[in-house]
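Asker: Residue numbers 12 to 596, in my numbering, belong to the letters of the sequence shown in order.
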Amino acid sequence: MMHYTKTSYLLLLLCSFTCTMCQTQAQQSYNPLWIPDTLAGPDFNLTLKDTFAQLIPKGNQTITAGINGKIWGPTLIMHKGETVHFNIQNKLNDSTTLHWHGFHLPAVMDGGPHQVIPPGTVWQPYWKVTNNAATYWYHPHLHEMTEEQITKGLGGLIIVRDEIESALALPRTYSVDDIPLVLTDRDFNSANQFVTVPYGDSMMVNGTLRAQHTVPAQVVRFRILNGAIERSYNIGFGDNRAFYVIGSDGGLLNAPVSVTRYLLHAGERIEILVNFGGQTGQSVDIKAFNSTLGNFVAGGENFSNGPFANYLGKKDFTMVHFNVGTATANPITTIPTVLTNNVLLNVADANITRKLTISDSAGVTNPPILGPNAFIINHKLFDINYNEYAVPLGNTEIWQITSSSIFGHPFHIHDVEFNIISVNGAAPAPAQAGWKDVVFIPGRTGGQNAVVKFIARFEDYADTLHPFMYHCHIALHEDEGMMGQFIVKDNAASATTEVDASADFALFPNPAQDRLFLRFNDPDMLAYYIRITDALGRTLYMLPQPDLHAGLDVSKLKAGVYNLECRDAKTKKSRTKRFVMGNNR
Ligand code: C2O
Ligand code: CU
Ligand code: CU
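(1) Which first and last residues belong to the beta strand (DSSP E) in which Ala277 is found?
(2) Alpha carbon to alpha carbon, what distance is there between Asn265 and Val331?
(3) Could you check where the alpha helix (DSSP H) with Thr544 kicks off and where it finishes?
(4) So if DSSP puts Phe248 in a beta bridge, which residue, or which two residues, is it bridged to?
(5) What do you reckon, is the C-beta of His488 under 7 Å from a heavy atom of ligand 3?
(6) Going by DSSP in three states, Ile128 sits in which element: helix, strand or coil?
(7) For Leu381, which residues from the same chain have a beta carbon less than 6 Å from its beta carbon, with the 5 sequence-adjacent residues on both sides left out?
(8) Where the beta carbon is closer than 5 Å to any heavy atom of ligand 2, which residues qualify, in chain order?
(9) Take the Cβ of Gln443 as the centre, count every other Cβ of all protein chains shown within 10 Å, and call the residue buried at 16 or more, exposed below.
(10) Quick one: does Trp410 have its CB under 8 Å from some CB of chain C?
(11) Which residues bound the beta strand (DSSP E) around Thr329?
(12) DSSP state of Ile175, grouped into three classes?
(13) Can you give the beta carbon distance from Ala299 to Ile246, rounded, assuming they're within the 8 Å contact cut?
(14) Please state the DSSP three-state secondary structure of Lys584.
(15) For Val119, which three-state DSSP category applies?
(16) Along the alpha helix (DSSP H) that carries Gln160, what are the first and last residues, could you check?
(17) Check whether the Cβ of Asn261 lies closer than 7 Å to any heavy atom of ligand 1, and answer yes or no.
(18) Between Met553 and Thr132, is the Cβ-Cβ spacing less than 8 Å?
(19) If you draw a straight line from the alpha carbon of Val9 to that of Arg589, how long is it in whole angstroms?
(20) Cβ of Phe386 versus every heavy atom of ligand 5: is any distance shorter than 7 Å?
(21) Determine the DSSP secondary structure at Thr368, reduced to helix, strand or coil.
(22) Let me make sure I understand the geometry here. Which of Glu491, Met214, Arg530 has the alpha-carbon closest to that of His560?
(23) Who are the Cβ neighbours of Gly289 in its own chain at under 7 Å, not counting the five residues just before and after it?
(24) Give every residue of the same chain whose Cβ lies closer than 7 Å to the Cβ of Lys60, excluding the five residues on either side of it in the sequence, and list them in chain order.
(25) Roughly how many angstroms lie between the CA atoms of Ala440 and Ile431, to the nearest whole one?
(26) For Asp395, count neighbouring Cβ atoms within 10 angstroms of its own Cβ and tell me buried if that reaches 16, exposed if not.
(27) Taking the C-alpha atoms as reference points, what is the distance between Ala538 and Leu116?
(28) When the Cα atoms are used, what is the spatial distance from Met120 to Tyr244?
(29) In its own chain, which residues sit with a C-beta less than 6 Å from the C-beta of Arg280, not counting the 5 before and 5 after it?
(30) Which same chain residues, not among the five before or five after His488, have their C-beta less than 6 Å away from its C-beta?
(31) Can you tell which of Asn389, Val354, Asp360, Asn42 has its C-alpha closest to the C-alpha of Ser366?
(32) Rounding to the nearest angstrom, what Cα-Cα distance links Leu274 and Arg242 in this structure?
(33) Would you mind giving the Cβ-Cβ distance between Val193 and Val231, rounded to the nearest angstrom? I have them listed as a contact below 8 Å.
(34) Run the CB neighbour count on Arg252, radius 10 Å, all protein chains shown included, and call it buried at 16 or more, exposed below.
(35) Taking 8 Å as the cut-off, decide whether the C-beta atoms of His420 and Ile369 are in contact.
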């Protein structure tokens, strides 16, 4: 779907020109770093909307999409062990999905390409949070539209808290000493509008161009997400100071890892500690040292023209300018030595090694990394109706990915957090030796294919109808078909039996009041999915595995005739019943 027409080539060239100029003119003028508000659960109301934001201080506002705001969305706070419930209202002009990146949850709640939310629809997923304390995120995942919808600004962070993390002496006052940094880059045209391209000319952190922020003179925690369409960021500080990685995608590391650079790929998160103690009055930049990246790492290329040309390619650039203020009361002043004790999966427990391949698609050889459908997994393009694997419920699996692609790809899998076993035979670097949901698969070098292995356990949530995804997290590649899907299958479950025709359900009261109740004739029947449509066939509510004990809340429906489709959990067969909302409620 993502093709470059001649006009967009032209636009791209024009705007890289204008933006280059505005970048040099405005070198010294910083904008205050925007920090998204937090939203506490366990009940969350999110509204996705097309809107505008003044991203460039002068001139037109930019057409954006936001969640409960003008761009991006609130940072959701969840606690391990609680059940979170969502009302997600799609007020966009387009269909979308919202995916809970990194979460272990039922596939039907996952928000991948199968859980499409049409415009005007409310989607109500819920799940019990079993993930470790870490930084996760949510973003649209509509097939062939992910790049465009993320570019418009849709997405948000999720902070999970748990008892282990809460017991540590770590900074955790959000926006004071615990600061989110969402790294992206965007391309603007001369009318200040976003252009949907893999690489932007302008760095944005939390949606802010040329951001600056005042940090307290103490140990500060940054939760960093690479939310870019394609670019990797080789993170470091202008004075080359050491910083301490304390967490990866899916949880804390056993101990802080001191580094001066960390290469973060699309979709990945790290949490770091930085000591600003005794530095009041000083300034330091957090930068991307991308001049040192190889040509086949996203952001390490330096195209002078074409659809991948961009101002930031193979350059070092500032992401946020930090000014050190004074310390807060009761500051954290030391870096802890121990964080947690991760019990990693054991290779000896693996039931199977699945062998996947990444390759450049045939026919696109010159130049090798241009053109649609340039990269594929297992020699095929994504097909939403095809499940590549049926993973037996409870399996511990090694996934071995062999890449003959010349380019590096951040590989992501839904449903699980995994442990990296090896990258080209070498054990993972200490900062990658914990829980991950994205792993960078390097490009083929010196005639040698890259081989990456990770191990994961597939517990809970067997579902033969809704699959989970695995894909490259470069949104352009994913949209072009670098994605596959698997189901988790409970082989021990009794073979599905036809439901007796009498195993039907009744709706009452009908005409309905504020709550609508379902009564199943077969007490074994369980609602897998309920969908409420209006007389015109528009989907108004999508209710995966709804709790029916208190009835469905239909109080927001106007007077009229509606259809309720209920899919049975066991047989996956559905039946539709009509109900009426009366005038006199
Ligand atoms: Cu963050 Cu399937 O994606
Ligand atoms: Cu994901
Ligand atoms: Cu890729």
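Glycine residues also receive a C-beta, built at the ideal position from the N, C-alpha and C atoms.
Answerer: In brief:
(1) As a first step, residue 277 is located in the sequence shown; it is residue number 266 there, counting from the start. Neither: Ala277 is in no beta strand (DSSP E) and is coded neither H nor E.
(2) Against the sequence shown, residue 331 aligns to sequence position 320. Against the sequence shown, residue 265 aligns to sequence position 254. Cα to Cα, Val331 sits roughly 28 Å from Asn265.
(3) By one-based count along the sequence shown, residue 544 stands at place 533. Segment 538 to 545 is the beta strand (DSSP E) holding Thr544; no alpha helix (DSSP H) there.
(4) Here residue 248 is taken as the residue at index 237 of the sequence shown, counted from 1. Paired residues: Ile297.
(5) Here residue 488 is taken as the residue at index 477 of the sequence shown, counted from 1. Checking the Cβ of His488 against ligand 3 gives yes.
(6) By one-based count along the sequence shown, residue 128 stands at place 117. The answer is strand: DSSP assigns Ile128 an E or B state.
(7) Within the sequence shown, the letter at position 370 stands for residue 381. Residue placement at Leu381 is flagged as unreliable, the pLDDT there being 43, under the threshold of 50; the coordinate-derived value follows with that caveat. Contacts found: none.
(8) His112, His425
(9) On the sequence shown, position 432 is the one that residue 443 refers to. Counting Cβ neighbours within 10 Å, Gln443 comes out buried, since at least 16 surround it.
(10) Considering every chain present, this structure includes no chain C. It has just one protein chain.
(11) Start at 1 with the first residue of the sequence shown, and residue 329 comes out as number 318. Note, Thr329: beta strand (DSSP E), 327 to 335.
(12) As a working note, residue 175 is residue 164 in the sequence shown. Helix.
(13) Numbered from 1 along the sequence shown, position 288 holds the residue referred to as residue 299. Numbered from 1 along the sequence shown, position 235 holds the residue referred to as residue 246. Rounded, the Cβ-Cβ distance is 7 Å, consistent with contact.
(14) On the sequence shown, residue 584 is found 573 positions in, with the first residue counted as 1. Three-state DSSP puts Lys584 in coil, outside helix and strand.
(15) The residue you call residue 119 lines up with position 108 of the sequence shown. Val119: helix per DSSP, three-state reduction.
(16) Taking the sequence shown and counting its residues from 1, one reaches residue 160 at position 149. Gln160 -> alpha helix (DSSP H) spans 157 to 162.
(17) As a first step, residue 261 must be located in the sequence shown, where it is residue number 250. The question names Asn, but residue 261 in the sequence shown is Gly. Incorrect: Gly261 has no Cβ contact closer than 7 Å to ligand 1.
(18) Position 542 of the sequence shown, counting from 1, holds the residue named residue 553. Position 121 of the sequence shown, counting from 1, holds the residue named residue 132. Contact flag set, yes.
(19) Lying before the first or after the last residue shown, residue 9 is absent from the chain, which here runs from 12 to 596.
(20) The ligand content of the structure shown is limited to ligand 1, ligand 2 and ligand 3, which means ligand 5 is not among them.
(21) For this step, residue 368 is matched to residue 357 along the sequence shown. Three-state DSSP puts Thr368 in a strand.
(22) One-based indexing of the sequence shown puts residue 560 at position 549. His560 has its Cα closest to that of Arg530, out of Glu491, Met214, Arg530.
(23) By one-based count along the sequence shown, residue 289 stands at place 278. Hits under 7 Å: Ala228.
(24) As a first step, residue 60 must be located in the sequence shown, where it is residue number 49. Excluding residues within five positions, the ones whose Cβ falls inside 7 Å are Ala76, Gly77, Lys102, Leu103.
(25) As a first step, residue 440 is located in the sequence shown; it is residue number 429 there, counting from the start. As a first step, residue 431 is located in the sequence shown; it is residue number 420 there, counting from the start. Approximately 10 Å, taken between the alpha carbons.
(26) Taking the first residue of the sequence shown as position 1, residue 395 is located at position 384. In the sequence under discussion, the amino acid at residue 395 is Ile, which differs from the Asp named in the question. Label assigned to Ile395: exposed.
(27) Residue mapping note: residue 538 aligns to position 527 of the sequence shown, counting from 1. Residue mapping note: residue 116 aligns to position 105 of the sequence shown, counting from 1. So the alpha carbons of these two residues sit roughly 17 Å apart.
(28) Position 109 of the sequence shown, counted from the start, is the residue given in the question as residue 120. Position 233 of the sequence shown, counted from the start, is the residue given in the question as residue 244. For Met120 and Tyr244, the distance between alpha carbons rounds to 31 Å.
(29) For the purposes of this step, residue 280 is taken as the residue at position 269 of the sequence shown. Only Thr146, Leu236, Asp260 meet the Cβ criterion.
(30) Working through the sequence shown from its first residue, we reach residue 488 at position 477. Counting only Cβ-Cβ distances below 6 Å, and skipping sequence neighbours, we find Phe386.
(31) For the purposes of this step, residue 366 is identified with residue 355 of the sequence shown, where counting begins at 1. Looking at the sequence provided, one finds Lys at residue 366 rather than Ser. Measuring from the Cα of Lys366, the nearest candidate turns out to be Asn389.
(32) Stepping through the sequence shown from its first residue, residue 274 is reached at position 263. Stepping through the sequence shown from its first residue, residue 242 is reached at position 231. Their Cα atoms are separated by approximately 11 Å.
(33) Against the sequence shown, residue 193 aligns to sequence position 182. Against the sequence shown, residue 231 aligns to sequence position 220. Not really, about 16 Å apart at Cβ, beyond 8 Å.
(34) For this step, residue 252 is matched to residue 241 along the sequence shown. Exposed.
(35) Here residue 420 refers to the residue found at position 409 of the sequence shown. Here residue 369 refers to the residue found at position 358 of the sequence shown. Contact: yes.
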